[in-house]
Structure formats: C-alpha cells, structure tokens
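These notes are about the structure you will find just below.
Residue numbers (the working numbering): -15 to 459.
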C-alpha cells in the first residue's frame, strides 16, 4: 500500500442509490477516510436516474448504509465530516450537463490539480450508453473510469464494450474491478509464490498433481433473480473471479512486481489457457431455483458450474485445474487447493496407520479475511511404532502490527484507483481472451443437473476430476 495519500479528488458514483453503493462503496470510502487513506480534500457526487427528495434525504440514505454495512458504532464527528463532502446530481441517458457543471464546480472549490474518478455501478445494458454520455458531456476529460463486471456477456460484446470505452478514454485510465483480486488472501498467493524459496521451485508439473479453486456460496439468489437469469454461474463467476485466481496461481514470475509486468504475465497465461471443453464442464441448478422471484418457471440457467481447465505451458502441461462455484451450497469457504504429487517411492503403506482417508500433501489457501494457509502432510504418530497420521501446519494472519490498516477488498481497490495503480485490475486483452476461452461452453452449454440445497452440487461434478486429491468439500 502506498504510504502517501492520493491527490485531491472529485468522485462521481453512478448508481449511487443502488445496492453496491450501499453495501460497499459508501462504507468503503467512509472507512478510507477514517484511516487517513482518502485525499486530504475530496468531494463525492452521487448520481443516477432517480433523484432523492432532498439533499437531506440523500444524506439519510448514505447514513443508513453506513449504519447497516459500515462500522459497528458510527462516529458522529467522522460522519459529519464525511457528509460535508456529499451531494447528489441526477443524470440519465438523455444527458448529464447538470452533472458536468457540478463536477467542475467541485473541482474549482477544491482548487489546484484535482483528479476525477467516475465509478460506473450501472446495469450491463446501461453501460455502453453511459460511457457514450460521459464522453459527450466532457466528464471523461482527465477522468479515471471504474467498471463493475460483467465486462460483456461473450467475446463480441466484450470487444464492443472495450471499443466504446476506448472511444472515450485510453486503456490506462480504465479500471475494471474484480473484487476477488482486492482480497488479501488472493494477493497472498503472489507473496507465497514469489517471496519464498520454499514454494516456487516446486510450483510446476513435476511436483503438483492438480489445482482446485472453490468459490461456493451458501446463499441463494437473494432477490437477484432477474440478474442471474441473464448471467448464470459460469458467466458471473468462472469467466471472471475463478479465472483471475487461476491467473495468480499459474502465471510466470513477473520481471518486477508492478502493474504492467504482472498483467503482462497474466495475459500470457490466459493465452495459454486451453478453450474449455463443454464435455468437461458440469452445470447444476439448485432445487427450488425456479421458485425464486423473477426466475422463469422453465429456467435452464445454471446456479452451479464445475470446469476442468488446462494450461498449455511447460510449467503446467498435464496438470488439471478444477474450478467450481455455486449457490445454495454446503459451505461458503473459499479455497485454493494445491495437491502435490506422491513421492516416487512409497515407503509407508496404508497398513502403517495412515488410514483410507489420507490425502496427498496439499497446500490449502483459504480466501478468508484475514487469510489462512494450511499445509497438509503426513507425520509420525507419537509412540514407539513407526506409524503415520495426517498432520497440518497452519499459518494465520492477525491484525497488522506495522501500523498499517487491513483493508477489505473494495476499500483496497478504491484506494488503488485513486493512486492510479492498475496492479489488481483486469485489462482489455485479458477480458477478451477469457471470453474466447469460454466460447465453446457458451455455444454448447451443458444441461443443468438438479442438486439439493446445502449439498456440494450435482453428482456429475464429483466424477469430473481425473486427479487424486479432489476435495468433496471446500474446506
């Protein structure tokens, strides 16, 4: 994290009255202000089609968001200081002249060189018209644009969206958010790999048998039926979050740890990612899905996806990557499991006391906050006999003791945008390539199989992996 504060900013939140703004954006900005990581001078302008009844009503909306999703005890002094930076100006696809005037007035009020950040938390169908409006109104001048996924729904729409964006701003002013990359646990993958001589020498096909990335959810649709019907688990999670995590696990070491070098290596990795084979993909739909609000009675949308992926490089040739995600699952524990190969000579058999439940050595990276790392291995039992039992070494992370603040994913990413740091954001070529990898499945999707709520998905998904060490659960 940078030691200096960002430069003065005017931040425009499109979709300021929406769910994401309430749950993540306003609480994230408020937290950054509280820990001294916001600019010394800033203004936040909310915008959207539906204007609140009054300025006071907008402030009350933000306050309620902070009370529900922010700190346990809302500090009144901190709230008053934050509220003084807030305003709301309506905008629509028909024009944003009032908003453009408000932005320039806020910049004049701050004085000097002021950065402009435009956060587009809008529905997918509104993205391209909103981008065009931003360009026509002059709001894009000097602005950094922040986009929420989905970045298109296939390769053609992704290319069209990127073309529309590049008509308005250069690629180096675009920040495509994948909040999984903002999690400390995801960044810890890079730290474990490239900062420790223990792991990197064995991080290859000679020592690793398989990689499993699990991102299950216990919850169902939570009122997002209309969005999910258009998207599904494969588009929503696999082509975005899970593939980005795969990139961190499988990429080659960058020449230096900066945005350009890291994203270059990730893009190379995605070029080597073999297009998904529909025959090695399992879709599922939890029982009761069709009874959810805004879901078609005959819906074939998948709420679960399991994918076998392959990376055609010298490092990873022959190593399966198993990606799995779903809703209404047995657990919400999100993990990356690295399964190591067995020793070339097995000197200890099962009769030595290991038991049938023993797994190969596994490195388990829990994507929790704070992160946890567990190395599972075999060790001698206590006593006179040379018998083995499963054992584990755990590395846990408490609160930082170096004066830094642990930030949640959106807090970290908002701060990085204000600093202009692209390290944890996806690039246009990455997005387009991942849609190419996904294309065979989108063109010939599997038929979803029913699975019970609170289970680990359809039975077919448990038969998918060819490698040892596949975990039924995610923990």
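C-beta: ideal position from N, C-alpha, C; glycine also.
Counting the other CB atoms within 10 Å of its CB gives residue 23 a total of 16 or more, which places it among the buried residues. Contact annotation: residue 50 and residue 58 have beta-carbon atoms nearer than 8 Å. Counting only runs of 3 or more residues that sit fully inside the stretch -12 to 40, the beta strand (DSSP E) segments are -7 to -2, 26 to 32, in chain order.
For residue 268, the enclosing beta strand (DSSP E) has its first and last residue at 265 to 270. Between the C-alpha atoms of residue 225 and residue 164 there is a straight-line separation of about 6 Å.
In terms of Cα proximity to residue -7, the closest of 63, 101, 62 is 101. The bridge partners DSSP lists for residue 192 are 324. Taking a cut-off of 8 Å for Cβ pairs, the stretch 152 to 168 and the stretch 114 to 129 touch, as three or more such pairs fall below it.
Within the DSSP bridge table, the entry for residue 294 names 304 as partners.
Where residue 284 is concerned, there is no enclosing alpha helix (DSSP H), because DSSP gives it neither an H nor an E. Excluding its 5 nearest sequence neighbours in each direction, residue 112 has C-beta neighbours in its own chain below 8 Å: 144, 145, 148, listed in chain order. Contact between residue 322 and residue 197 is ruled out by a C-beta separation of about 10 Å, above the 8 Å threshold. In the DSSP annotation of this structure, residue 133 is not part of any beta strand (DSSP E), being labelled neither H nor E. Under the three-state reduction of DSSP output, residue 428 falls in the coil class, being neither helix nor strand. Where residue 73 is concerned, the enclosing beta strand (DSSP E) starts and stops at 70 to 74. Shown here, residue 198 sits in a strand according to DSSP, grouped into three states.
About 6 Å separates the Cβ atoms of residue 292 and residue 448, confirming a contact at the 8 Å cut-off. Spatial neighbours of residue 168 in its own chain (CB-CB distance under 6 Å, excluding positions within 5 residues in sequence) are listed in chain order as 355. Around the Cβ of residue 107, a 10 Å sphere holds fewer than 16 other Cβ atoms; the residue is exposed.
A residue is called buried once 16 or more other Cβ atoms fall within 10 Å of its Cβ, and residue 99 is buried on that count. Taken in chain order, the unbroken stretches of beta strand (DSSP E) that lie wholly in the stretch 399 to 444 and span 3 residues or more are 433 to 435. Linking residue 171 to residue 91 through their CA atoms gives a straight-line distance of about 34 Å. Between residue 295 and residue 11, the alpha-carbon positions lie close to 39 Å from each other.
Comparing alpha-carbon positions, the option among 279, 267, 297 lying closest to residue 286 turns out to be 267.
Collapsing the DSSP output to three states places residue 210 in a helix. Burial check for residue 304: the Cβ neighbour count within 10 Å reaches 16 or more, so the residue is buried. Taking 8 Å as the upper bound for CB-CB distance, residue -2 and residue 104 are in contact here, some 5 Å apart. Burial is judged here by how many other beta carbons sit within 10 angstroms of a residue's own beta carbon; residue 250 has at least 16 and is buried.
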